[in-house]
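Heads up: the sequence shown at position 71 corresponds to 369 in our numbering, and the numbers run straight through without jumps.
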Amino acid sequence: MTGFEIADGETVWFVNEYQIDRAYGGPEEGGWWYDTGRFVRCRGVFKDQKDAGDLRDRIEEDEMPERRKGLHGPSSMLSTGEWPVALVEDHPGRDYPRERPRYE
299 MTGFEIADGE TVWFVNEYQI DRAYGGPEEG GWWYDTGRFV RCRGVFKDQK DAGDLRDRIE
359 EDEMPERRKG LHGPSSMLST GEWPVALVED HPGRDYPRER PRYE
């Protein structure tokens, strides 16, 4: 990854929080699913990718277990689409996918 460059050309890394789920793509090949993510908030912006990873690890270890209590993961049929995750990314947070994928 090259990272997101700010005006002075420096690379920055984003710790973005999402609620993730799986969405039904269609009946082809017996049915297929794709990953979705709803951007919640940016938890930090860093010049050093390791620092961003350290924050993500702290969030995943210290906050997410409590926030996930009573929820079902995105691969479960009981998922409500509220599974929280923190990711290190080389761009500002945004919902994904940008366009619904098509089976080809």
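The beta-carbon is built from N, C-alpha and C at its ideal position, and this holds for glycine as well.
With a cutoff of 7 Å on beta-carbon distance, D319 and P390 are scored as not near each other.
In this structure the region 349-356 does not touch the region 394-401; the number of beta carbon pairs closer than 8 Å is below three. Assignment of beta strand (DSSP E) within the region 307-341, counting only whole runs of 3 or more residues, yields 309-324 in chain order. Here V338 has E315, Y316 and Q317 as same chain residues with Cβ atoms under 7 Å from its own Cβ, once five neighbours each way along the sequence are excluded. When the five nearest sequence neighbours on each side are left out, the beta carbons in the same chain lying within less than 8 Å of the beta carbon of Y401 are those of G323, G324, E326, E327 and W330, in order along the chain. A384 sits buried, since 16 or more C-beta atoms from the chains shown fall within 10 Å of its C-beta.
Looking from the CA of C340, the closest CA among P363, D388 and L369 belongs to D388.
Rounded to whole angstroms, the gap between the alpha carbons of K345 and E308 is 7 Å.
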